[in-house]
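What follows is a short report on a single structure.
2 protein chains.
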Amino acid sequence: MTALDLTQLLRPRSVAIIGASDKNPWGAMALRVLKQMDFSGPVHLVNRRGGEVLGRRSVTSARAIQEPVDAAFVVVPASGLAEAIEDMAAAGIRHGAIVTSGFAEVGDEGAAQQARIFARAEDLGLTLLGPNSLGFLNFVDRVGVGTLPVTTPLLADPRVGLVSQSGATAGILSRAANKTNVSLSYSVALGNEARVGLSDVVEFLVDDATTRSIAVFAESIRDPARFLGVARKALAARKPIVMLKVGVGELAAAVAQAHTGALVGDNKIFEAACREYGVVRVDTLEELLHTADFLAYAGVLPDAKFAVASISGGACEMIADRGDDHGVPFARFDAATTARVKAELPDFGAAHNPLDITGAAMSDPDLFRRSIAAIAPDPQVGLIGVCFEAPAAEEDVSPVTRPAIGAIAKGLNEAGVKGFLLQQTYQPITPFARQLAAEAGLPYIASGLGHTMRSVGAAFAWSRLAREGLPKAPPAPAPIVARPITERETLDVLAASGVPVVPARIARSRAEAEAAAREIAEPVVLKILSPDIQHKTEVGGVQLNLVGQETVGDAYEAMMARVAAVRPTAHIEGVIVSPMREGGLELFVGVARDPTWGLAIAVGLGGVFVELLHDTSLRLLPVRPEMVKTMLGELRGAKVLAGYRGGPPVDVDAVARAVAAIGDAAIALGPDLASLEINPLWVDGDRIECLDALAVWTA
Amino acid sequence: MTALDLTQLLRPRSVAIIGASDKNPWGAMALRVLKQMDFSGPVHLVNRRGGEVLGRRSVTSARAIQEPVDAAFVVVPASGLAEAIEDMAAAGIRHGAIVTSGFAEVGDEGAAQQARIFARAEDLGLTLLGPNSLGFLNFVDRVGVGTLPVTTPLLADPRVGLVSQSGATAGILSRAANKTNVSLSYSVALGNEARVGLSDVVEFLVDDATTRSIAVFAESIRDPARFLGVARKALAARKPIVMLKVGVGELAAAVAQAHTGALVGDNKIFEAACREYGVVRVDTLEELLHTADFLAYAGVLPDAKFAVASISGGACEMIADRGDDHGVPFARFDAATTARVKAELPDFGAAHNPLDITGAAMSDPDLFRRSIAAIAPDPQVGLIGVCFEAPAAEEDVSPVTRPAIGAIAKGLNEAGVKGFLLQQTYQPITPFARQLAAEAGLPYIASGLGHTMRSVGAAFAWSRLAREGLPKAPPAPAPIVARPITERETLDVLAASGVPVVPARIARSRAEAEAAAREIAEPVVLKILSPDIQHKTEVGGVQLNLVGQETVGDAYEAMMARVAAVRPTAHIEGVIVSPMREGGLELFVGVARDPTWGLAIAVGLGGVFVELLHDTSLRLLPVRPEMVKTMLGELRGAKVLAGYRGGPPVDVDAVARAVAAIGDAAIALGPDLASLEINPLWVDGDRIECLDALAVWTA
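If you're matching them up, the sequences are chains A and B in order. Quick note on numbering: the first sequence equals residues 1 to 699 in my numbering. Quick note on numbering: the second sequence equals residues 700 to 1398 in my numbering.
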C-alpha cells in the first residue's frame, strides 16, 4: 500500500460540519472544539433544512457552500452517510472525519454497509477518517475536527503525535497530556479505519516537521507489513514510536504444530518485531504519554550512560533499584569526576552514582549547579537527572525552591549533555510549575520516579538502535522448488542451504545398514525413513547408541518389523544411519508462520528450557547472524553457552551463522511452509550439526 | 525487645519547642506546622536567653515551663543536645523528637556521641524520636511535632499510617498523599532510630484504632525478628502493611558456601519473609500510598474474584492485561449473571469480564447502575471496579458526568460487595472531585489503571492470608548435639529427623565393599568417606553405576588409591556403598543462615534450574509442609512435578513433608550451622530419598 497524503485532512484551513443541527450533540461539540482550538479559518454548517443552526447560518448542502473546504466533520445518522458523501464529493470536499456509527463495530451487516459506502467514497476520491471516529485535534495549526475534548490553556511547543484506535482513550489521553505537560502536536482517533489506518497516520506524523515522537494506543495492527515499513521509516527519521497495545494476553490462533506454536504467541511475535524495529512498548496510559514526551526531549542520546544527583539517599537508592528494573545504564564515575565531586562534598566517602549530594544543598542551593558541573564532563555521562520537586502552587514553594531550581537549571544548561529535573512522585506539571521552570530556564521536568526510569531505559535502548540504524533487508534467497517431506529430505535441503547437518546414510536392507555403520564412526543411530511418519519415536522408529555391525543389523530388522506392525499403511523407504552425538549442548530452532506477521524464528536451549520454561528468543525472518547473537544473549539460560559443567564454550558466531541460514532456508521453502523445526541443533564447542528436522506444510 | 508505649509521644496534648529562636529555621517551621494542623493545646518555646521568640513569649529552660508537657521538638545544635535532654528530664517531659543532626549519619564519632546521649536519655526515662528526625504529623488529633510539610486543607477520614526512614521522603509522601486523596492518620519520620525504631512505630499504628493500613518507606530493617513479630500482629489485626524498601539491588554478604549463597541474597530472603507474613511490597512512592489506601478501603475481601464494567473496550482489554500482570483473579460470570447482563445489553455477544457495557451508557447513564446490579449477585464476584473519569474541575464536567457518577455510586452502594470507581489515568483527586464523589455517595475512587490493578492483586493476595491467618510458630525441635561432618553422618542425622535417606553401607575393605554391593540391589554407587573431603567428585571420590562384585571391588581399590594420591593428608574412613538411583527427578534443598534474617530454606528443581536459572523458592525457617507446597508451586519449572517426558507425577505431599523435616533438622543442628545442602533430593513418584548432603559450620 502506498502512503496516503493526509496533509489536507489533518491540517485543514477551512472546515464544514455536515449534519449539524440544534438537536445533534456532535455538531455542537465540534463547534466548541473549533472555538477552544482558536481556529481562525472559515467554518460552515450544513443542515438539510438550512436556517439558523447552533446560532449560525447554515446551508442546505455542502454544494451550497460555494467556497473551497478542506475537511468536513460528518455527524449525519448512518442512514444519511451515503448521501452526505455524494454531497461532499460534489462540493469538492475531499477529506473528512466521519463520527457516524453503526457500521463494522456492530456486526457483519454494518461491516458490509461500511465496505459499500467507503468503496464509493474511494471511487469519488475521498480520504476519510472513520466511520465511528471522534476526529482529531491539530495543535500545530490549532484546528480540531471532531469531538475529542480540548483542555485549555493549550500547551506551548507541540511535539508528541498521538494516534489511538479507541476514541474514548484518545479523549482521556488528550486531557491527561495537557494536565501533565505533554504537549501534543496531533491527537487522532481512528475509529473503524475503513480507509485511513493506523500506519497512515503514523507515517503522516513521521513526515510532520513539528512532531518529534509518536504515541500509539493500539488494539490490533491490521496491516503488519506496512506498519513495519513505517516503523523503519520512523527509526531512520529518528522519531521514536511508543506504543501501548492492549489485548496482549489473548493468544493468537496457534500455528499448525503444537510444539512450535506454544512458543510463538501473537504478542510475542509482535514484541519481537517491536524490539527489532525500535518500537517502544509500554503498559499504561501515563507511560505512553511520558515515555513519548521524554524521548521527544532526549532525542538520540550519545553512546554513554546515565548520572543522577539527589539530596536524598533514599531517592538515590530508589533510582538505582528502578533503573535496574528498566535496564538503565548507570555511569561509573572516573577518577577525575570522583576528585571533582570530592572537592564539592569533602565529607563524602565515595562519589557513587546515583550521587547523594546530601541535605547541604538546602542551605547552599548552588551546590546543585556545582555537583552537575562535577559530573557532566565525565565521558561516561550522556544524560543527567537531578532529583527535586517542582512545586505545584505558590503554597508549595519554600525559601530554597527558587534558588535550587535556578541552580539546577544553570547546571543542566551548562552541562553539555541533556539533563532534566526528576520529581520523585508522579503529579501534574501545573501551569505554576511550568511558569517557574520557564523562568529558571529548566530544560525538562520528568514526573514520577518509576515512569521516568522506564523512560530513561527506553531512551538509551532506542537511541542505540537509532544510532546504529536498521540493516537493509537482505535480498530474498532463491526459492527452493522441491518440497522436502521426510527428515532426510529436510536435512538435505538445509545442508544445500549452507546449514551444517549430521552425516547420514540411507539403508534399505540389513546389509546396507551394517555397511553404513561400518563407514560411520560408531556408535550410530537408526531412524525410520518414511514420508508418512512425522513422530518417529512414537512408532519405535528411533534406536540410539548402537555399537557393532550385528547389533546394527538386528536393530534394523527389528525396527522395520515394529514400524510395519504399528503403521501398516505407511510407505517405508528404509532407515537413516547416523553417528550418535553425545555431550555438548542441544539447541532448539523453530520457524513458524504467523497468520499476521509471517515467518518468525525462535531459538532456545533444548529440553527443559524450551519445553517447560519456554525460554526462547523470537524474531521475524530474515535474521542476520548478528541478530541471532543478540537473541542467544536474551535467553535466561544464556550462561550455558559459555560452558556448563566443564563443557567447552559454544562457538556463538558459528551457531549464529547456522541459525540465520536455517531462517533463509525457511524463506526459500516458500509460502506453503507452515513450520520448520530443528530439534536438536547439536553444538559441541565449534562442532555444529542439525540432528533432526521437521518441515510441516499448510497445503 | 518489648513494645514501647508511643501514645504520649505521638498523641501529645501539649508541646514544647526546645531551642526555638528567631534565627533557627526549624523552630519557625515547627510552629507553622502546629498552626497548619490547627493544634489547640498549649505550645511553649524554650530559648536559653528567653524573651520574645518568633513573636511569642519564651522561657529560658524546659524546667521553667511549670506546666506538664507531653512532647518536645528539640532543635538545639548538636553541642547542646545533652544539656537539652537533662533539661527535658528535669522538667518531666518524657517524650520528644530530635531534629538535631551530626550524629550516626556523619560517621563513627557521631555514632559514639549519639550512643552516649541516648543511653543517658534512656536512663532518664525519655522516649525520643531521632536524632536527625523531622518529627511527625498526627492527623487523628491534629497535632504536628516537627517540620514535615503540611498541605491544606487537611483530608477527612484519616486511615493510612505512614512511617519513613527517610525524612525527605516522608515529606514528599505527606504532600503527595494529600494531593491524591490518601488520608494519612500519622506521618512519622524516624531519623537515626537511636531509640524509637521502625517496628515500634508500626506497632503503634497496628494498635491505633483510627489507622486501617500502614505504609512503610524503609532503607533497612534493623530489627528483623521484632519486625516479623509486629507483622504477625498486624496480620492478626487485619491491618495491611505496605512497604517500599529501597536498596534491594545490593546483595547481602554472601553466606559461606558459594552455591547456596548465590540463591539467598538479602532481598530475596526479605521478600520471602514478606510473602509469608503478608507484607505487601511495592516499587514506587505512588504505589506505596495508593496500595495502602486501597487496602485500607477494601479490608479483608471474601474468597471471591474481581469484576469490572467499562464503557470502553480498550479499557477492558487494558484492565485484563494489567490484571494478569499483577495476579488479579477475574471472575467468570455464571449463567445467571450472563442472562442478567444480556437483558441489559441485548446487542451483546457474550458477557465477558471485564464487561464492556458500550458507549450506550453515555446516553443512558443508569445503565451503569443496572450493569452493576447484573454482575454483583454472582457468587464469584467479591469486588467491583467501574471505569469512569472523575473530573478534576468543573471545566471537565460534561452533561453525562454527574448522572453517570450518580448511577455508579448507587449501583456500588447496592451491590453488597465492595466497589470503586476506576480512573484510567493517574491524576490527583482534587477537592472538586472529592466533593462531587461525596455528593454522589461514591465509596472510593482509584486513580491510574496500572497502580490500581497492582493494588487489586495485592488486596486479594493479602485478604487470603488475612482470612487464613498465620500458623502459630511450631515448637522448636529438640537440639541435635552431635555435629555431623561427613556426608554419611549428615544423612544419618537427617534420617533420625524423619527425612527419607538413601540406604547405605560403609565399606572399609574390598571385601566389605563387595559384600555391601551384594546386599544392595545393583547397580551401586561408591563415594569416598572422609571428614576432610567436601567435594568428592573433585578428587575422584565418586563412582557411579557399578554392576558386579568384582567391578565393585576393583572400583573400591582404585578409588582408595586415587584419593590417597590426590589428598595424602586426608583421613579416609572408607567408602559409602549405596544403590544407584536413576530416572525420576532431582530436587535441590538448601538451608543457609542469613546474618540478618537467620535460617532460610530454598527449594528448587535440580541441575540447570538451580545452577543456571536460580529457579528456587525461599522461605524463613521453620516451614510447614503446606508452605513447601506453595513454594514448589512458585517454581518456574513447577510443571515438571506433574510428570515430565512420561515420568510419573511427583508425590508433592511427601516431598513437602521431607523438605519441612529437613528444615526442622537444620534448626535442631543449632546456631553454628552455616548451611545444609541436600543435592539431590531424589524423587520418583512417591519414592523420595536424600542422595547427598553437606553441612557447613561457622565455628
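Quick reminder that beta carbons are idealized off the backbone N, C-alpha and C, glycines included. Here the structure is a predicted model, which is why all the values come from computation and not from measurement.
Quiz item: In chain order, what residues of the same chain lie with their CB nearer than 7 Å to the CB of residue 1053 of chain B, ignoring the 5 residues before and after it?
Solution: Looking up residue 1053 of chain B in the second sequence gives position 354. Contacts found: 1007, 1009, 1015, 1018 and 1019.
Exercise. Return helix, strand or coil for residue 557 of chain A, following the three-state DSSP convention.
Key: The residue labelled residue 557 of chain A in the question sits at position 557 within the first sequence. In the structure shown, residue 557 of chain A sits in a helix (DSSP, three-state: H, G or I).
Quiz item: With 16 as the cutoff for other CB atoms within 10 Å, does residue 538 of chain A come out buried or exposed?
Solution: Within the first sequence, residue 538 of chain A is the residue found at index 538, counting from 1. Answer is exposed; the Cβ neighbour count stays below 16.
Exercise. Using beta-carbon positions only, say whether residue 1160 of chain B and residue 979 of chain B come within less than 9 Å of one another.
Key: As a working mapping, residue 1160 of chain B is identified with position 461 in the second sequence. As a working mapping, residue 979 of chain B is identified with position 280 in the second sequence. Yes; because the gap between Cβ atoms is below 9 Å, this pair is in contact.
Exercise. Rounded to whole angstroms, what's the CA-CA distance from residue 12 of chain A to residue 101 of chain A? Just pull it up for me.
Key: Stepping through the first sequence from its first residue, residue 12 of chain A is reached at position 12. Stepping through the first sequence from its first residue, residue 101 of chain A is reached at position 101. Straight-line Cα distance between these residues: approximately 23 Å.
Quiz item: Residues in the stretch 1121-1142 of chain B with C-beta within 8 Å of chain A's C-beta atoms, listed in sequence order?
Solution: 1123, 1124, 1125, 1126 and 1127
Self-check item: Alpha-carbon to alpha-carbon, residue 900 of chain B and residue 219 of chain A
Solution: The residue you call residue 219 of chain A lines up with position 219 of the first sequence. The residue you call residue 900 of chain B lines up with position 201 of the second sequence. Taking the straight line from one Cα to the other gives about 47 Å.
Quiz item: Residues of chain A with a CB under 9 Å from the CB of residue 1186 of chain B: which are they?
Solution: Translated into positions along the second sequence, residue 1186 of chain B becomes position 487. Near residue 1186 of chain B there are no residues of chain A at all, since even the closest Cβ is about 20 Å away, more than 9 Å.
Quiz item: Helix or strand or just coil, what does DSSP make of residue 1150 of chain B?
Solution: Taking the second sequence and counting its residues from 1, the one referred to as residue 1150 of chain B is at position 451. Three-state result, residue 1150 of chain B: helix.
Quiz item: Quick one: complete alpha helix (DSSP H) runs, 4+ long, within the stretch 325-404 of chain A?
Solution: 335-344, 360-363 and 366-375
Self-check item: For residue 694 of chain A, the first and last residue of its enclosing alpha helix (DSSP H)
Solution: Indexing the first sequence from 1 puts residue 694 of chain A at position 694. No alpha helix (DSSP H) holds residue 694 of chain A; the beta strand (DSSP E) holding it covers 693-697.
Quiz item: Should residue 757 of chain B go down as buried or exposed, given a rule of 16 or more other Cβ atoms within 10 Å for buried?
Solution: In the second sequence, counting from the first residue as 1, residue 757 of chain B sits at position 58. Buried, since its Cβ has 16 or more Cβ neighbours within 10 Å.
Quiz item: Grouping DSSP H, G and I as helix and E and B as strand, with all else coil, what is residue 743 of chain B?
Solution: Within the second sequence, the letter at position 44 stands for residue 743 of chain B. Of the three classes helix, strand and coil, the one that applies to residue 743 of chain B here is strand, per DSSP.
Self-check item: Beta-bridge partners of residue 1389 of chain B, as assigned by DSSP
Solution: Residue 1389 of chain B sits at position 690 when you count from the first residue of the second sequence. Per DSSP, B:1200 and B:1380.
Exercise. Would you tell me roughly how many angstroms separate the C-alpha atoms of residue 708 of chain B and residue 848 of chain B, rounded to the nearest one?
Key: One-based indexing of the second sequence puts residue 708 of chain B at position 9. One-based indexing of the second sequence puts residue 848 of chain B at position 149. For residue 708 of chain B and residue 848 of chain B, the distance between alpha carbons rounds to 19 Å.
Quiz prompt | residue 732 of chain B versus residue 399 of chain A: straight-line alpha-carbon distance, rounded | solution = Position 33 of the second sequence, counting from 1, holds the residue named residue 732 of chain B. Position 399 of the first sequence, counting from 1, holds the residue named residue 399 of chain A. Rounded to whole angstroms, residue 732 of chain B to residue 399 of chain A spans 16 Å at the Cα level.
Quiz prompt | Sequence-distant residues of its chain with Cβ nearer than 7 Å to residue 672 of chain A (five each side left out) | solution = By 1-based counting over the first sequence, the position of residue 672 of chain A is 672. So the list reads 697, 698 and 699, once near-sequence residues are dropped.
Quiz prompt | Through-space distance from residue 649 of chain A to residue 688 of chain A, alpha-carbon basis | solution = In the first sequence, residue 688 of chain A corresponds to position 688, counting from 1. In the first sequence, residue 649 of chain A corresponds to position 649, counting from 1. Their Cα atoms are separated by approximately 12 Å.
Exercise. Quick one: measure Cβ to Cβ for residue 680 of chain A and residue 588 of chain A, integer angstroms, because I've assumed they're closer than 8 Å.
Key: Taking the first residue of the first sequence as 1, we reach residue 680 of chain A at position 680. Taking the first residue of the first sequence as 1, we reach residue 588 of chain A at position 588. Yes, they are in contact, since the Cβ atoms of residue 680 of chain A and residue 588 of chain A sit about 7 Å apart, within 8 Å.
Quiz item: Are the C-beta atoms of residue 1014 of chain B and some chain A residue less than 9 Å apart?
Solution: As a working note, residue 1014 of chain B is residue 315 in the second sequence. For residue 1014 of chain B, the answer is yes, since a Cβ of chain A falls inside 9 Å of its Cβ.
Quiz item: From residue 487 of chain A to residue 507 of chain A, what distance separates their C-alpha atoms?
Solution: Taking the first sequence and counting its residues from 1, one reaches residue 487 of chain A at position 487. Taking the first sequence and counting its residues from 1, one reaches residue 507 of chain A at position 507. Computed Cα separation, rounded: 14 Å.
Quiz prompt | Residue closest to residue 1002 of chain B, alpha-carbon to alpha-carbon, out of B:974, B:1026, B:1082 and B:933 | solution = As a working note, residue 1002 of chain B is residue 303 in the second sequence. Checked all of B:974, B:1026, B:1082 and B:933; the closest Cα to residue 1002 of chain B is B:1082.
Quiz prompt | Where residue 273 of chain A falls, given that 16 or more other Cβ within 10 Å makes a residue buried | solution = By 1-based counting over the first sequence, the position of residue 273 of chain A is 273. Burial call: buried.
Practice problem: Using a Cβ cut-off of 9 Å (strictly closer), state whether residue 114 of chain A contacts chain B. | Solution: Position 114 of the first sequence, counted from the start, is the residue given in the question as residue 114 of chain A. No, residue 114 of chain A does not count as interfacial toward chain B.
Quiz item: Mind listing which residues of the stretch 1321-1349 of chain B have their C-beta closer than 9 Å to chain A's C-betas, in chain order?
Solution: 1335, 1336, 1337, 1338, 1339, 1343 and 1344
Quiz item: If we ignore side chains and look at the alpha-carbon of each, how far apart do residue 838 of chain B and residue 857 of chain B end up?
Solution: Counting from 1 along the second sequence, the entry for residue 838 of chain B is found at position 139. Counting from 1 along the second sequence, the entry for residue 857 of chain B is found at position 158. Roughly 7 Å between the two C-alpha positions.
Quiz prompt | Endpoints, the alpha helix (DSSP H) within which residue 1287 of chain B is located | solution = Indexing the second sequence from 1 puts residue 1287 of chain B at position 588. No alpha helix (DSSP H) contains residue 1287 of chain B, which is instead part of the beta strand (DSSP E) from 1284-1293.
Quiz prompt | Length of the line joining the Cα atoms of residue 225 of chain A and residue 234 of chain A | solution = In the first sequence, the residue the question calls residue 225 of chain A occupies position 225. In the first sequence, the residue the question calls residue 234 of chain A occupies position 234. Roughly 14 Å separates the two Cα atoms.
Quiz item: Relative to chain A, which residues along the stretch 975-1002 of chain B have a C-beta separation below 7 Å, given in chain order?
Solution: 982, 983, 984 and 985
Exercise. For residue 1403 of chain B, collect the residues of the same chain with a Cβ closer than 7 Å to its Cβ; drop the 5 residues on either side in sequence, then sort them by chain order.
Key: In the structure displayed, chain B extends from 700 to 1398; residue 1403 of chain B sits before or after that span and is not available.
Self-check item: Bounding residues of the beta strand (DSSP E) (the contiguous stretch that carries residue 127 of chain A)
Solution: Within the first sequence, residue 127 of chain A is the residue found at index 127, counting from 1. From DSSP, the beta strand (DSSP E) with residue 127 of chain A extends over 127-129.
Quiz item: Can you find at least 3 beta carbon pairs, one from the stretch 318-337 of chain A and one from the stretch 362-369 of chain A, that sit closer than 8 Å?
Solution: no
Quiz item: In this structure, does DSSP put residue 540 of chain A in helix, strand or coil?
Solution: Here residue 540 of chain A refers to the residue found at position 540 when the first sequence is read from its first residue. If DSSP states are grouped into helix, strand and coil, residue 540 of chain A belongs with coil.
Quiz item: Does the beta carbon of residue 602 of chain A come closer than 9 Å to any beta carbon on chain B?
Solution: Walking along the first sequence from the start, residue 602 of chain A turns up at place 602. Output row for residue 602 of chain A: interface = no.
Quiz item: Straight-line CA distance for residue 1201 of chain B to residue 1275 of chain B?
Solution: Locating residue 1201 of chain B in the second sequence gives position 502, counting from the first residue. Locating residue 1275 of chain B in the second sequence gives position 576, counting from the first residue. One C-alpha to the other measures close to 11 Å.
Quiz item: residue 79 of chain A to residue 1091 of chain B, Cα distance in whole Å?
Solution: Taking the first residue of the first sequence as position 1, residue 79 of chain A is located at position 79. Taking the first residue of the second sequence as position 1, residue 1091 of chain B is located at position 392. Each residue's alpha carbon lies about 38 Å from the other.
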